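Read the structure below first, then the notes.
In the working numbering, the protein residues as written are 11 to 237.
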């Protein structure tokens, strides 16, 4: 009997952090399929709801793109559609999406793109606790959606002006939710963390692996060939 083929895994992100986290647990996506979404919060949308909505939307948009591409391939090949190389098709893959939101209370801090945004975020985080919400969603080959929302409480020390200025100079804040990357220099600011460290980095590994295994994805079997 022929061995059952390993299912494909697609990561709906170009984030090197999320890719590295998957690789940490022996998962190498077969394809990266980043999507371009408007991530503006809806009126009165909570941080939890935003993280969950965007994670689901990223997974869905990525899968829709992959399905459309496969149908286009079929149309071009006509009656020989079954001869399309399987390696070029990802409409039968598990598609994983994630999104991270940083908030103080119900106030959502942006993914900082300018120095002024970063200064404002760091000053708000200084000396207080905040929440990091990371939504994880994946779509099964049959189109079913599975999702999870992870909440982590992080507390920062009181930041001096010198510390803020030095962190700004590092450029690590650019494009990061809340204006910092906990896996970098900002680790020196964290006095306590309750929840998922990998969730704050960008992908909660326990929850992600649990979701995949729950749908039969052979996570542990990948370890046998992991170098």
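Here a beta-carbon is modelled for each residue, glycine too, at the ideal position from N, C-alpha and C. Every value quoted in this text rests on a predicted model; they were computed, and no experiment measured them.
Residue i, DSSP secondary structure in three states
| i | result |
| --- | --- |
| residue 48 | coil |
| residue 227 | coil |
| residue 137 | coil |
| residue 130 | helix |
| residue 115 | coil |
| residue 68 | helix |
| residue 98 | helix |
| residue 35 | coil |
| residue 162 | strand |
| residue 222 | helix |
Exposure label - residue i; buried when at least 16 CB within 10 Å
| i | result |
| --- | --- |
| residue 226 | exposed |
| residue 91 | With a pLDDT of 49 at residue 91, under the threshold of 50, the modelled position of that residue is not reliable, and no figure is offered here. |
| residue 23 | buried |
| residue 217 | buried |
| residue 73 | buried |
| residue 67 | buried |
| residue 20 | buried |
| residue 78 | exposed |
| residue 204 | exposed |
| residue 39 | buried |
| residue 62 | buried |
Cβ-based neighbour list, residue i, same chain, cut-off 8 Å, excluding 5 preceding and 5 following
| i | result |
| --- | --- |
| residue 116 | 56 and 57 |
| residue 127 | 120 and 189 |
| residue 229 | 35, 36, 37, 219, 222 and 223 |
| residue 104 | 17, 18, 19, 20, 148, 149, 150, 151, 222, 225 and 227 |
| residue 137 | 166, 167, 168 and 169 |
6 Å Cβ shell around residue i - same chain, five flanking residues per side excluded
| i | result |
| --- | --- |
| residue 99 | 80 |
| residue 206 | 160, 162 and 214 |
| residue 113 | 57 and 141 |
| residue 41 | 20 and 100 |
| residue 43 | 20, 22 and 72 |
| residue 76 | 100 and 101 |
Other residues of its chain near residue i: CB distance less than 7 Å, five sequence neighbours each side excluded
| i | result |
| --- | --- |
| residue 64 | 47, 49, 109 and 145 |
| residue 232 | 36 and 37 |
| residue 183 | 122, 128, 177, 189 and 190 |
| residue 155 | 66, 147 and 149 |
| residue 208 | 31, 214 and 215 |
| residue 51 | 60 and 118 |
Bridge partner(s) assigned by DSSP for residue i
| i | result |
| --- | --- |
| residue 41 | 20 |
| residue 169 | The partner list for residue 169 (beta bridge, DSSP) is empty, contrary to what the question assumes. |
| residue 147 | 107 and 157 |
| residue 142 | 112 and 162 |
Problem - Uninterrupted beta strand (DSSP E) stretches inside the segment 185-213 (no shorter than 3 residues) - result: Here the runs fully enclosed are 200-204.
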